[in-house]
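A.B. asks: Sharing a structure below in C-alpha cells format, with a few things to ask.
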Amino acid sequence: MAHERDALITGIGIVSCLGSGADAHWQALNSFSPVLDTTSFPPFAVHPLAPLELDTQIPKRGDQRQMEMWQRMGVFAAGLALDSAGVKGNTELLSKMGMIVAAGGGERDYAVDSAILSGYPKAANPDAYLNEHLLGDLRPTLFLAQLSNLLAGNISIVHGVIGSSRTFMGEEASGADAVRIACARIAADQADIMLVGGSYNAQRPDVLLHYAMGGLNRHAPFEPVWARQASGGGMSLGSVGCFLVIESRSHAAARGAGAYGHIAAIRTDRSRRQPGEATKNATAQLAAMAGHFNPDGAAAISGASGAPGATTEEAAFLAGVGVPVRAVATALGHSLEPSFPASLALAALAVKNGALFPPLEAAEQPMVAPLKQALVTSWGHWRGESLALVTAA
Amino acid sequence: MDTDHLGRPIVVVTGMGVLTSLGQGQADNWKALTNGTSGIRRITRFPIEGLRTTIAGTVDFVSVPEPSAPALSQRLAELVIEEAVSEAGIGSAGNFPGPLFLALPPVEMEWAQRFALADASGANETVNYDDLIKAAGTGRFEPFYRRFLFGSVAEALADRFGTKGSPVATSTACASGGTAIQLGVEAIRRGEADAALVVGTDCSVNAESLVRFSLLSALSTRNDPPSSASRPFSKDREGFVMAEGAGALVLESLASARARGATVLGVVEGCGEVADGFHRTRSSPDGKPIIACMRAALMDAGIAPEDVDYINAHGTGTPENDKMEWVGASAVFGERASAIPMSSNKSMIGHSLTAAGAVEAIFTVLSIRNGLLPPTINYDIPDPALPVDCVPNVARAATVRHAISNSFGFGGQNVCLVLGSAD
C-alpha cells in the first residue's frame, strides 16, 4: 500500500571503476568484465575510479583545488544524484534539503609523511624535528581535505545543499545508518527530501596500509568475492562515490518526480560477531520485513566485503533465503562507507529495469524471471549488519 | 502533558556526566566553572619545542595503556557515561535501554604508530608507505588496525554499556556534540526509543592536530600565562584554545521518565540546524545561516525570542566567531540582545571541539538548575563592536526558564539547542 511518507529513491549519482552515472553502471553490469589495477599498489589490486570530467559537476577550479580526491569524487557523485532527481540548482528546494554523509577521513600528504619517517630516526632531537616539519611542511588547507565532515561541507558549498548536514563515521555501518535515519526522518515527517551517501578513495597507500595491518587485503589471484573464499578470502578495495536523493512519496509527487524504487524497509544492528550472531541479526531483520518481502521475483544485492568469516557466513544466510545473489564488491571493489548506498543504488536500478543483471561469477545464479524486489545486505567486514528491501516505486 | 506544542513526545534529560580539564564529574566542574577557574595549561603530553601555541585544555588525569586520540576519547566517554547512567538510574549494568549517538573526532593513525611501523620495516635511508605496508604484512600490527577503525570507539561503548541497535558516531566538526543531541532527540520524538544515550568526547590534543589548527591561524598564541589565552568577546581575543573533554546525557521521553519516577534535570525543548555553503572555515558575512539556525531552534521549541533568558555561547574567542555569533544574536533578539546574558564556557575550559556541544549543553542545564550563570573570564577589554553581556569575569545569579546553546563548526555546521527548566 502506497503511503505519502514512503521513502522513494528519486536520484542516483554513482561513480566507480565501472564509470560515471547510473546508466554507465547498468550497462557495465550487463556486460561485466573486471576493472582492476594490479600494478600501482603491489601486492594488492584496487578497483580504480574511472576518469571523471570534474568540471561538469565542480565548475570552479578553486573548489577542486580545495579538495582531495575522496571529496572530489563524493561531490561529483552528489551532483550526479541531484541532476538525476531534477533538483540541481533549485536553490529554494536545496536550502531545505537535508544531508547525511557517511565518511572516513581524507588523504594524507604522502611526501611529507615519507620525509618525516625518513628523517625522524636520524634527527639530533627527533621530537623537535617532528614539530618543525609538521609546522613547516604541511599545507595549511590539507586539514580541510582530511576532516570527515568536509565532504558534506564541500557539497554545501558546491551544490548548495544546506537544510541540514550530518556526517556519520564507522565504515560500512555508517552508510547503512545514514540511509536508515534518512528514511526514518522522512517517515516521521521530520524531513521531505534528503541527500544521502558517501565516497571512498581506495587508491591511497594509507587505507591499504590500514587493511594490511588487519591482514584483510586480498593478494593474487584476484578472484570474485565468493570464489576467493576457498583460498582465504580478503578484500579488494574499490574507489566509489555514491549519493542517493531519498524523498517522501508526496514530495516527489508534488514536483512530478519519477522514482527508481521504494525503500520499503531498512534495518541496522550490531553484534559481537561470535559465530552465528550476524546470521541471527539478519534473520530477525528479514523477519521484520515479512510484510513486504516476497521471494518470488526477488534477488539479493550483497555488500559482502570478501573478508573471511563474515562473507562465508553471509553466503550461507543468503543461500537460506533462496533468491539469486550478486556480490557488488566483485564489480566495484569493496568501498566501506559508501558500499551500502552503492548497493542500494544498483538494487533500485535493477528493480526499475525489472531485471537483475547477469551473474558476476560462477557461484551466482542467473535470473530470467522479472525482478520485482531486491534485498540489500551490508555486513561490515568487522562489525555491523544491515538489511534493506527495495520494491518498485 | 507528555507532548510538546507539536504533539511530539517531550524529551528530557535525566542523567549527565561531564569531564573537562577542570576535573571529573558535575560537582567539581560546576564549582570550578562558577569560580572562574581556567583549565588551560602548558602542554606536557608531547614536546612543544618550536610550536607557536604551547597551551591547551588537556585532560592530564586520565590515562590508558596505549595512548591515542581514539583510545583516550573512548576512556573519557566511558567515564562520563558511567556518571550519566548512574544519575539517571536507568537500565541495568551493561544494559542501556536505547541507542547510542556519539560525537567523536575523526579517527586516524598517529605518528607513534607510523614510527613503530617504520622501525619494524627495517628500511634505512628513506621510508615510504610501501615500507610501512611491508611491515604491516608481519601481522604484528593488527591492534592498530582495530583501534583506528572509525567504528571502533562506538562499538566498544555499545559493547560495554549495552546500548541498543547500531551505534551512530557523528562528526560535524565543532558542532558534533549538538548534532549527537539532535539525533537523540529526533529518535525519541519519532517514537523509536524511550531513551537515548548521547555523548560527545574529544581527547585529541597531539602535535599534528595542534599544528593543523595552528596553520589555519585559528589558535591563540598568548601562551603566558596559559589561563589568559581564551578571551571570548574581549577586544584583544586572537584565537581559540584547543581542549579536551567529554559529556554524556541520558535523554528520555518525559512519559518514560515519569513512569519510572526519574528526576527530570532539564528539557531539550528544541533543536535547530542550518548549514552554511559560503566557505569551508568562514561564516556567511551576512550571518544568515546562524540567524536561521537560532530561529529554527526557537520555532522547534515553540518559544519566542523574548522567552530566552540566557545564551550559552559557542564563544570560541576567535575574532571571526565571536563577531558572527553577535551578528546572529543581535538579529534574532533585536534590541534585547545586549540585555541577555551570553557567556562562554570556553573562556575557562577551552574549546573541546567535538565534545563542546555536549559539554556545554550540560553546563547550560546546570546553569538553569542552579540559577547561576558561569562567567566569561579574561574579559578585560570590551569590544565596542560586540556590546554583549558576557557575564564578565564573575558568575551571576539569574532565573533561567529557557536558554539556548550554540555550536558552530568548520564545514558550515551550525546547531542551536533550546534547553528549558524542569519545572
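The listed protein sequences correspond, in order, to chains A and B. Per numbering that gives the first Met the number 0, the first sequence runs over residues 0 to 392. Per numbering that gives the first Met the number 0, the second sequence runs over residues 0 to 422. Built from N, CA and C at the ideal position, the CB exists for glycine as well.
Identify each residue in the segment 200-212 of chain A for which the Cβ-Cβ distance to at least one residue of chain C is less than 8 Å, and report them in chain order.
C.D. replies: Included in the structure are the protein chains A and B, with no chain C among them.
A.B. asks: Which residue spans inside the segment 262-290 of chain A form an unbroken beta strand (DSSP E) run of at least 3?
C.D. replies: none
A.B. asks: Find the residues of chain B that neighbour residue 131 of chain A, judging by a C-beta separation of less than 7 Å, and give them in chain order.
C.D. replies: 49
A.B. asks: Once DSSP output is grouped into helix, strand and coil, what is the label at residue 243 of chain A?
C.D. replies: strand
A.B. asks: Since I believe residue 171 of chain A is in contact with residue 377 of chain A (beta carbons under 8 Å), could you give me their beta-carbon distance rounded to a whole number of angstroms?
C.D. replies: 5 Å
A.B. asks: Bridge partners of residue 167 of chain A, per DSSP?
C.D. replies: A:101 and B:169
A.B. asks: Give the straight-line distance between the Cα atoms of residue 37 of chain B and residue 31 of chain B, rounded to the nearest whole angstrom.
C.D. replies: 8 Å
A.B. asks: Indicate whether at least one CB of chain B lies closer than 8 Å to the CB of residue 198 of chain A.
C.D. replies: no
A.B. asks: Please name the residue in A:391, A:294, A:214 and A:119 whose C-alpha comes closest to that of residue 142 of chain B.
C.D. replies: Residue 142 of chain B has its Cα closest to that of A:214, out of A:391, A:294, A:214 and A:119.
A.B. asks: Contact criterion: CB-CB distance below 8 Å. Does residue 80 of chain A meet it with respect to chain B?
C.D. replies: no
A.B. asks: Could you check which residue in B:1, B:393, B:312 and B:282 has the C-alpha nearest to that of residue 350 of chain B?
C.D. replies: B:312
A.B. asks: Would you kindly work out how many angstroms separate the C-alpha atoms of residue 148 of chain A and residue 149 of chain B, rounded to a whole number?
C.D. replies: Going from the Cα of residue 148 of chain A to the Cα of residue 149 of chain B covers about 13 Å.
A.B. asks: Are any of the Cβ atoms in chain B nearer than 8 Å to that of residue 189 of chain A?
C.D. replies: At least one beta carbon of chain B lies nearer than 8 Å to the beta carbon of residue 189 of chain A.
A.B. asks: Give, in chain order, every residue of the segment 140-153 of chain A whose Cβ lies closer than 7 Å to some Cβ of chain B.
C.D. replies: 142, 143, 146, 147, 148, 149, 151 and 152
A.B. asks: So is residue 276 of chain B in contact with chain A if we call contact Cβ pairs under 8 Å?
C.D. replies: So yes, residue 276 of chain B belongs to the interface.
A.B. asks: Under 8 Å between beta-carbons, which chain A residues line up against residue 183 of chain B? List them in chain order, please.
C.D. replies: Around residue 183 of chain B, no beta-carbon contact reaches into chain A at under 8 Å, the shortest distance being about 12 Å.
A.B. asks: Counting Cβ pairs, one atom from each stretch, are 3 or more of them under 8 Å apart for the segment 82-92 of chain B and the segment 170-188 of chain B?
C.D. replies: no
A.B. asks: Please check if any C-beta of chain B sits within less than 8 Å of the C-beta of residue 159 of chain A.
C.D. replies: yes
A.B. asks: Just confirm the distance between the C-beta atoms of residue 158 of chain A and residue 78 of chain A, as a whole number of angstroms; I'd bet it's less than 8 Å.
C.D. replies: Yes, residue 158 of chain A and residue 78 of chain A are in contact; Cβ-Cβ is about 6 Å, under 8 Å.
A.B. asks: In this structure, how does DSSP classify residue 399 of chain A when only helix, strand and coil are distinguished?
C.D. replies: Because residue 399 of chain A is not part of the residues shown, which for chain A are 0 to 392, the question remains open.
A.B. asks: Using a Cβ cut-off of 8 Å (strictly closer), state whether residue 218 of chain B contacts chain A.
C.D. replies: no
A.B. asks: Per DSSP, residue 218 of chain A is paired with what?
C.D. replies: The beta-bridge partner set that DSSP reports for residue 218 of chain A consists of A:43.
A.B. asks: Tell me the DSSP bridge mates of residue 112 of chain B?
C.D. replies: Paired residues: none, contrary to the question.
A.B. asks: Which two residues bound the contiguous alpha helix (DSSP H) that contains residue 33 of chain B?
C.D. replies: 25-33
A.B. asks: Confirm, please, whether the CB-CB distance from residue 100 of chain B to residue 169 of chain B is below 8 Å.
C.D. replies: yes
A.B. asks: Quick one, are the C-beta atoms of residue 418 of chain B and residue 404 of chain B less than 8 Å apart?
C.D. replies: yes
A.B. asks: What does the alpha-carbon distance come out to for the pair residue 43 of chain A and residue 332 of chain A?
C.D. replies: 12 Å
A.B. asks: Taking the CB atoms as reference points, tell me whether residue 9 of chain A and residue 257 of chain A lie closer together than 8 Å.
C.D. replies: yes
A.B. asks: Give the straight-line distance between the Cα atoms of residue 184 of chain A and residue 175 of chain B, rounded to the nearest whole angstrom.
C.D. replies: 19 Å
A.B. asks: Excluding sequence positions up to five away, which residues of its chain have a Cβ less than 6 Å from the Cβ of residue 267 of chain A?
C.D. replies: Cβ within range, chain order: 175, 176, 179 and 385.
A.B. asks: Are the CB atoms of residue 16 of chain A and residue 237 of chain A within a distance shorter than 8 Å?
C.D. replies: Yes.
A.B. asks: Three or more C-beta pairs closer than 8 Å, one from the segment 191-205 of chain B and one from the segment 242-258 of chain B: is that the case here?
C.D. replies: Counting C-beta pairs with one atom in each stretch, the segment 191-205 of chain B and the segment 242-258 of chain B have three or more that are closer than 8 Å, which means they touch.
A.B. asks: Between the Cα of residue 193 of chain A and those of A:151, A:205, A:204 and A:211, spot the shortest distance and give me the residue it belongs to.
C.D. replies: A:151
A.B. asks: Within 8 Å of any Cβ in chain B, is that where the Cβ of residue 168 of chain A sits?
C.D. replies: For residue 168 of chain A, the answer is yes, since a Cβ of chain B falls inside 8 Å of its Cβ.
A.B. asks: Cα-Cα, which of B:210, B:320, B:381 and B:297 is closest to residue 54 of chain B?
C.D. replies: B:210
A.B. asks: With the cut-off set at 8 Å, would you say residue 183 of chain B and residue 274 of chain B are in Cβ contact?
C.D. replies: no
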